[in-house]
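J.: One gets the numbering used here by counting positions in the sequence shown from 1 and adding 15 to each.
Even glycine gets a Cβ: it sits at the ideal position worked out from N, Cα and C.
No experiment lies behind these values; they were computed from the predicted model shown.
Following this message is one structure expressed as structure tokens.
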Amino acid sequence: MEDVTLHIVERPYSGFPDASSEGPEPTQGEARATEEPSGTGSDELIKSDQVNGVLVLSLLDKIIGAVDQIQLTQAQLEERQAEMEGAVQSIQGELSKLGKAHATTSNTVSKLLEKVRKVSVNVKTVRGSLERQAGQIKKLEVNEAELLRRRNFKVMIYQPKKKPNAPSGPATPKIVPLDLLPETEPFHLKPESGV
Numbered sequence: 016m017e018d019v020t021l022h023i024v025e026r027p028y029s030g031f032p033d034a035s036s037e038g039p040e041p042t043q044g045e046a047r048a049t050e051e052p053s054g055t056g057s058d059e060l061i062k063s064d065q066v067n068g069v070l071v072l073s074l075l076d077k078i079i080g081a082v083d084q085i086q087l088t089q090a091q092l093e094e095r096q097a098e099m100e101g102a103v104q105s106i107q108g109e110l111s112k113l114g115k116a117h118a119t120t121s122n123t124v125s126k127l128l129e130k131v132r133k134v135s136v137n138v139k140t141v142r143g144s145l146e147r148q149a150g151q152i153k154k155l156e157v158n159e160a161e162l163l164r165r166r167n168f169k170v171m172i173y174q175p176k177k178k179p180n181a182p183s184g185p186a187t188p189k190i191v192p193l194d195l196l197p198e199t200e201p202f203h204l205k206p207e208s209g210v
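Put into structure tokens, the structure is as follows:
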């Protein structure tokens with residue numbers, strides 16, 4: 016490729032106020048030379064301008080493609096981020112449910128442990144009362160055996176006979192408590208005859 020130099024010619028625009036004050040206006044010949052290049056140099060300038068234009072267009076096309084790719088990647092990243100946010104929110108919801116379930120389970124276990132403690136205390140109380148009752152029953156059995164053993168003995172009371180003295184008055188019966196009396200047959204009173 017040949018080394019081509021690019022010549023840029025600035026022309027003042029008639030619409031701007033400072034266009035006339037910048038410098039002397041080019042002559043008509045110079046203006047034609049700048050407007051219509053002559054010879055092979057002008058063809059080379061046109062070709063180099065076309066090549067430069069094509070290069071600029073291809074670079075712009077590549078830039079546009081890269082920007083489109085970046086936008087597409089950014090959109091995909093935004094979608095992934097939205098999915099991740101949804102997953103994180105779902106996980107947070109599940110964790111909060113798990114925390115509530117754990118708290119409920121902990122409450123239930125605490126209540127069950129409290130009931131077990133109460134039942135244990137009640138069992139100890141019942142066991143103590145049963146042991147006391149068993150002791151009382153043994154004492155009663157011992158007392159009953161003692162009473163049965165005592166019942167087999169008969170107590171006889173002997174009183175010496177006294178000589179009858181002169182009757183001083185009516186005889187008074189001797190009062191003896193029932194529990195001190197020997198066991199006797201029941202006594203039936205018969206009605207007196209002839210009265």
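Cα separation between S121 and L87?
T.: 50 Å
J.: Flag V134 as yes when its Cβ comes closer than 7 Å to any non-hydrogen atom of the ligand PLP, and as no otherwise.
T.: For the ligand PLP, the structure offers nothing, since it holds no ligand at all.
J.: Secondary structure at K153, three-state DSSP: helix, strand or coil?
T.: helix
J.: Can you give the Cα-Cα distance for I152 and N158, rounded to whole angstroms?
T.: Spanning the two alpha carbons is a distance of roughly 10 Å.
J.: Excluding sequence positions up to five away, which residues of its chain have a Cβ less than 6 Å from the Cβ of G38?
T.: Residue confidence for G38 is low, a pLDDT of 46 falling below 50, so the modelled location carries little weight; the figure read from the coordinates is stated next. Excluding positions up to five away in sequence, the list is empty.
J.: Cutting at 6 Å between CB atoms, please list the residues of its own chain near Q148, excluding the five before and the five after it.
T.: none
J.: In the structure shown, what three-state DSSP assignment does K176 receive?
T.: DSSP places K176 in the coil class of the three-state scheme, outside both helix and strand.
J.: Kindly list the residues whose CB is nearer than 8 Å to the CB of D76, restricted to its own chain and excluding five residues on each side of it in sequence; keep chain order.
T.: none
J.: Apart from the five residues just before and just after A48, which ones in its own chain have a Cβ nearer than 7 Å to its Cβ?
T.: Because the pLDDT of A48 is 46, which lies under 50, any placement of that residue in the model is unreliable, and the question is left without a value.
J.: What is the rounded straight-line gap between the Cα of L113 and the Cα of K139?
T.: 38 Å
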